[in-house]
Structure formats: structure tokens, C-alpha cells
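Some notes on the structure that comes next.
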Amino acid sequence: MTIRLAGILIGLGITAVLVLWSLIPGAYNYAFGPPAEKPAYYVFKEKPVAPEGGFSFDGPLGKWDYAQLQRGYAVYKQVCSACHGLKYVAFRNLEELGYTEAQVRAEAATWNVPGIDPNTGEATTRPGEPTDYFPNPYPNDVAAAAANNNAIPPDLSLMTKARKDGTNYVYSLLNGYVDPDPEKLAKAQENGFETPPGLYFNPWFSNVNLAMPPQLYPDLITYDDGTEATVPQMSADIAAFLTWTAEPSLVQRKQTGWFVIAFLIFATGLAFLSYKQIWAGKKAKKK
């Protein structure tokens, strides 16, 4: 027993020494060492911002704006789908945006999805069905890179969850093709910053040089509900739509949370009353 206890204590001691050996130098450098050198583009970095008025689904009482989600789908279909897929979203899921079953079936048929020719067995395309998923615009990554200056467009299904403050990030990025501030640009160029040919300056991208050119222009599309298709409007609409594709149960989860909180409050009240009832006739002993 004594030997076993001694072995445990020795093992814990060795572990403690190794942990401290790893942490102390790093903690010292963090507290007293020179600050980490930031890359030249860091001077341009901007935090994502929300559109004026925010989004309808923000906050604990947020709800989907189905008209906005449908507009966002229109932006995706007419603009984003040329380069980006939605591999985790099926056409039947569009019913959640307020479309009827017949509308979903008709909408799916406007897309071409991969298929097999039943006579020859060769790969072909066919009109989509509600059970199909949104197709990838490229057959493989090699083709995607070749068509996009060697940059592979990411799938957008989970984009707003894959990026910090994802909804506002998408809005800011699409609405953020601006010219760099001249003073900041001069300072950054002294440290070697440049925007190479084929890339585009965008202070909301990770290193501010983005392979994707500006995609949205005023009146690029026509909304069915008559909303003016400004760049900020389209950016907000597609950001809302991609928030839904990434987390379609977002609003339902918030609503369920309120019921859970109410139940816990009610259960706590019952527990307190039960406690008072059980111990009502008991008197505390005098010390």
C-alpha cells in the first residue's frame, strides 16, 4: 500500500514538473517578452458589423423573416451558386422558408443535378427533385481551382458557423469591397504589403486580399416582392439565408429554451414548497 501511494505521488510530482516546465517560459514571454510582430495587413483588419437594424433572428426573442430568407435564396441562386455549393441542404428544405410543396417541386426542377443515363450508364444531368441536394457547380476541386485563380470556392452550407460572428462576417465581406485608407496603405506598404494581381482588397477577409471579385452590384437581381436590390440589402439577405442553412433550428432552439427556463422556475418553486411542507412541523434544536 505504501509503495503504491509513493508511486502515485512520484507520478503526480513528475507530471507537475513537466506542466510547469511547459507553461512557465510561455507565461514569462507573454508577460515580459516583446510583443508579437503583426503582419503588414493587420492595420486594415476590421471587425464584422451588422446591417442597420440588425437581423430579425438576433436576440433571445428573434424570429425568421421568411421574406428575407426567400430573397436570400434568390441571391444565392442567381449569384452565389455559380461558384459555391450547398451540399448539406436539400431542395425539400425550402418548404421551411414558406414555399409550398408544389413550389418546391417546380423550383427543384429548375436545377440540373448529376444523374446516370439509364440506357448507357454514363454520367449525365437531370432536373432536380425535392429529395436531391443542391449540386456543386464544379465536378471536382481541380476544376474549381482552375476556374477561380487557383482558389477553391468553399461550400456555403455551414459558412456562418465556420466563421467567427458568421452572419455579420458574411454581410460585411460582401458589402466590404472598398479602397484602402491611403494613410494605412502607405504605412503597410513600408512593411511589404501589396494586393497581388488577381486578388481584391477586402478588410473583412482573413488577410484582406481575397480571390473572389465583388459579386454584388446595385439592381443585379430583381426581387419578386419588389424590394430594391441594393448591395447592402442583398448582402443582408444572403447572410440571413446562409444563417438558416447553417442552423435551421436556430429560432426553434431559442423558443424551446424559454419553455425550459419556465419549467425549471416552476419546478424550483414546487421543490421549495415541498421542502417547506415537509419541514413545517420540525423545529430547530437549540444549541
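Heads up: the sequence shown is residues 1 to 287, going by the UniProt record's numbering.
The beta carbon of each residue, even a glycine, is placed where N, CA and C say it ideally should be.
As the structure is a prediction and not an experimental result, all values here were calculated from the model.
Option in the options with minimal Cα separation from residue i
i: K63; options: Y275, I261, V251; result: V251
i: V231; options: P51, K77, I24; result: P51
i: V113; options: P137, Q103, E95, G53; result: P137
i: K47; options: C83, I14, L173; result: L173
i: E95; options: V104, G269, I24; result: V104
For residue i: DSSP bridge partner residues
i: P127; result: N112
i: A211; result: Paired residues: none, contrary to the question.
i: F201; result: N209
i: A90; result: Y133
Straight-line gap, residue i to residue j (C-alpha atoms, nearest Å)
i: L97; j: A74; result: 12 angstroms
i: S157; j: P218; result: 25 angstroms
i: Y133; j: A246; result: 14 angstroms
i: V43; j: A186; result: 11 angstroms
i: Q255; j: K164; result: 24 angstroms
i: K77; j: F193; result: 36 angstroms
i: F272; j: I278; result: 10 angstroms
i: Y200; j: A262; result: 50 angstroms
i: A67; j: V170; result: 19 angstroms
i: N207; j: G128; result: 38 angstroms
i: V178; j: P248; result: 32 angstroms
i: T124; j: R92; result: 22 angstroms
i: T160; j: P197; result: 28 angstroms
i: A82; j: D155; result: 12 angstroms
i: W244; j: G11; result: 50 angstroms
i: L242; j: P139; result: 23 angstroms
i: L9; j: I24; result: 22 angstroms
i: A147; j: L210; result: 15 angstroms
C-beta atoms of residue i and residue j nearer than 8 angstroms
i: A144; j: I152; result: yes
i: V49; j: Q215; result: no
i: P135; j: A108; result: no
i: T167; j: A229; result: no
i: residue 288; j: D237; result: One cannot answer for residue 288 here, as it falls past the ends of the chain, which runs 1 to 287.
Contact set for residue i: own chain, Cβ-Cβ below 8 angstroms, skip 5 residues either direction
i: W258; result: P60
i: D58; result: A50
Neighbourhood of residue i by C-beta distance below 7 angstroms, restricted to the same chain and skipping five residues each side
i: N150; result: none
Sequence-distant residues of the same chain with beta carbon closer than 6 angstroms to residue i, five excluded per side
i: P182; result: none
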